[in-house]
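The sequence shown maps to residues 1 to 400 in UniProt numbering. Backbone N, C-alpha and C fix where the C-beta goes; we use that ideal spot for every residue, glycine too. Please read all numbers here as calculations on a predicted model, not as lab measurements. Below you'll find the structure, written out as structure tokens, and then a few comments.
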Amino acid sequence: MTDHDNQQLPTIDGVMRSVTPVLSGMPVREVVAIFQGNPDLVMIPVVGAGIFEGVISRRDLFTRHLSRPFAMELFGKKPISSLMNCAPPVITPGCDVNEALVMLLEHDPGLDTDSFPVIRDGECVGIVHVAELLMAISRSQARLLATLEALNARIHEEVEKARQIQRDLLPPAACRYAGLVLDAVLLNSSEISGDVYDYFFIDQDRLGVMVGDVSGHGIQSGMVATAAKAGLHLLLDSGVTTPGKLLGGMNKAVTATASNSLMMTAVVAVIDRKAGTASLANAGHNYPFLYRSADETVAMLDGTSGFPLGFDRDSEYGEIEIDFGRGDLLALYSDGIVEASNGEGEEFGYERFAHYARHNSGESPESFRGGLLDEVRGFTGAASFEDDVTLLVVAAEQVP
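Structure below.
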């Protein structure tokens, strides 16, 4: 690589954010207030006598240190230095984004770090979000074509690592909880998927489910999907449990990560087995299908929808509530199913989906999922899908 090529690469200075440090003696309670007052803040540098001493990240503070009962009473008055990370990965100003990623991977091969400080002469001059670093790298790829052959083996290795990390972030495909049976699948059309699914346990009676789809697919889409899932669990850890509020918080995470360059559709549902209801909120996603066991009917749940995540940071999402009793089945899915086309360019579509659901919803979620994908493959005549495909099916057991 020539000096001219190096000058074309973005540097860390262009992606870092300025952050006001806190003194190492500041009480933990006051640092918590700083994070709560700025939802986009993910890390704060800690200094003592003007010298950088470490960092405290939002994730470590809220999910590692303060997630247990009475943690605030235990740590609230202690200095933040008692909880800070004294040895984070450190990058110096001026290095290009590729060099920064190499140094970061040497320190943290699993990319568990979500942000890191930039240090110059013992002073923290900014914070870099790992997601934004990866986005900057993605945007610069067009200018790095001349070096791809030399980097091909390494890129392949890193993409495989990223693919495996993304797969590891998915929960198990099958789940049984609170009288509900769930089965899910995500099929990648490329190494990194822009689709994501998740489910979460709110209390002994309530199960939440989510399916999302980032525009496009590949590394950039995969990082946005991962950011959305991370945002979802941060919200759950802070006590947010309603579908509309969860989508609202995820929207802020996607907007901050994608910088309006990508959008994500998503649907969230919370099933209350004790009440026999399900509440849903939708951010521009394909409408779920509901099978009602009582009258053996299938309905498309199109009663609510909002802007995709990443479109408007301040978007709000309404909710609908439906009855969800014994034998009922809910199917959430991505557009890779309904837009799968045959050799004549005809799409599988919603009518075929509804027809399948009408005649097969009495089966288990696992059988429903497997049978529907076989139906789509039979329609397209292809063993694989051109787009990412996600399907999550949850049913209420017939027995009490």
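If I follow the unbroken alpha helix (DSSP H) through residue 279, where does it start and stop? Judged by DSSP secondary structure, residue 279 falls outside any alpha helix (DSSP H) and instead within the beta strand (DSSP E) spanning 277-283.
Report all residues from its chain with a CB closer than 6 Å to the CB of residue 241; omit the five preceding and five following residues, and keep chain order. These residues qualify, in order along the chain: 202.
Complete runs of the beta strand (DSSP E) confined to the stretch 274-340 [at least 3 residues]: Listed in chain order, the complete beta strand (DSSP E) runs (minimum 3 residues) inside the stretch 274-340 are 277-283, 289-292, 297-300, 320-323 and 329-333.
Whole-angstrom Cβ separation of residue 47 and residue 21, contact assumed at under 8 Å? Between residue 47 and residue 21 a beta carbon distance of about 5 Å is seen, short of the 8 Å cut, so the two are scored as contacting.
8 Å Cβ cutoff met for residue 84 and residue 54: Yes.
Rounding to the nearest angstrom, what Cα-Cα distance links residue 196 and residue 186 in this structure? Approximately 7 Å between the Cα atoms of the pair.
Which of the three DSSP states is assigned to residue 68 in this structure? Residue 68: coil per DSSP, three-state reduction.
Residue 213 versus residue 139 - alpha carbon distance: Taking C-alpha positions only, residue 213 is separated from residue 139 by approximately 21 Å.
If you follow the beta strand (DSSP E) that residue 174 is part of, which residue opens it and which one closes it? Note, residue 174: beta strand (DSSP E), 174-177.
Taking DSSP as the reference, what is the three-state secondary structure of residue 271? Residue 271 falls in the strand class under three-state DSSP.
Starting from the C-beta of residue 278, find all residues in its chain whose C-beta is less than 6 Å away, skip the five residues before and the five after it, and write them out in chain order. Counting only Cβ-Cβ distances below 6 Å, and skipping sequence neighbours, we find 269, 271, 322 and 324.
Per the DSSP calculation, residue 120 is bridged to which residue(s)? According to DSSP, residue 120 bridges with 123.
From this set, 386, 256, 289 and 251, which residue's C-alpha is nearest residue 345's C-alpha? Taking residue 345 as reference, the option from 386, 256, 289 and 251 with the minimal CA-CA separation is 386.
Taking C-beta to C-beta, are residue 110 and residue 51 nearer than 8 Å? Contact: no.
By alpha-carbon positions, which one of 86, 375 and 327 ends up nearest to residue 350? Per the Cα distances, 375.
Which residue's Cα is closest to the Cα of residue 372: 246, 352, 32 and 220? Scanning 246, 352, 32 and 220 for the CA closest to the CA of residue 372 turns up 352.
Environment of residue 6 [buried if 16+ CB atoms lie within 10 Å]: Note that residue 6 has pLDDT 45, beneath the 50 cutoff, so the model's placement of it is unreliable and the number below is only indicative. When all chains shown are included, residue 6 counts as exposed.
What is the residue span of the beta strand (DSSP E) that residue 206 lies within? 206-214 is the span of the beta strand (DSSP E), which, as asked, contains residue 206.
Among 255, 220, 226 and 219, the one whose alpha carbon lies nearest that of residue 210: Residue 210 has its Cα closest to that of 226, out of 255, 220, 226 and 219.
Three or more C-beta pairs closer than 8 Å, one from the stretch 325-333 and one from the stretch 241-252: is that the case here? Short answer: they don't touch.
Quick check on residue 16: does DSSP put it in helix, strand or coil? Of the three classes helix, strand and coil, the one that applies to residue 16 here is coil, per DSSP.
Taking the alpha helix (DSSP H) that residue 368 belongs to, which residues open and close that run? Where residue 368 is concerned, the enclosing alpha helix (DSSP H) stretches over 365-380.
So, residue 368 versus residue 237, is the Cβ gap smaller than 8 Å? Not in contact: residue 368 and residue 237 (Cβ atoms no closer than 8 Å).
Beta strand (DSSP E) segment containing residue 344, residue limits: Unbroken run through residue 344: none, as it is neither H nor E.
Pairwise C-alpha distance: residue 117 and residue 17: Residue 17 and residue 117: Cα-Cα distance of roughly 10 Å.
Per DSSP, which one or two residues make a beta bridge with residue 54? Note: residue 54 sits in a beta bridge opposite 46.
Hey, how far is the Cα of residue 383 from the Cα of residue 377? Within the model, the alpha-carbon separation for residue 383 versus residue 377 is close to 6 Å.
Can you find the residues in the same chain that come closer than 6 Å, C-beta to C-beta, to residue 76, ignoring five residues on each side of it along the sequence? The residues are 28 and 29.
Excluding the 5 residues preceding and the 5 following residue 180 in the sequence, name in chain order all residues of the same chain whose CB lies nearer than 8 Å to its CB. If we look at residue 180 and ignore the five residues flanking it on each side, its Cβ neighbours are 207, 271, 273, 394, 395, 396 and 397.
Considering only the alpha carbon of each residue, which of 304, 79 and 9 lies closest to residue 135? That would be 9, whose Cα lies nearest to the Cα of residue 135.
Based on the DSSP secondary-structure assignment, which residues constitute the bridge partners of residue 392? In the DSSP output, where bridge partners are listed per residue, residue 392 has 184 and 332.
Endpoints, beta strand (DSSP E) assigned at residue 201: Where residue 201 is concerned, the enclosing beta strand (DSSP E) stretches over 195-201.
What's the C-alpha gap between residue 310 and residue 229? The alpha-carbon atoms of residue 310 and residue 229 are separated by roughly 14 Å.
For residue 2 and residue 289, what's the separation of their Cα atoms in angstroms? Here the model assigns residue 2 a pLDDT of 44, short of 50, so the residue's position is not dependable, and the following value carries that caveat. Each residue's Cα considered, the two are about 56 Å apart.
For residue 132, does the count of other Cβ atoms within 10 angstroms reach 16, so buried, or fall short, so exposed? That one is buried.
Using the Cα positions of residue 233 and residue 59, report the straight-line distance between them to the nearest angstrom. Going by the C-alpha atoms only, they are around 10 Å apart.
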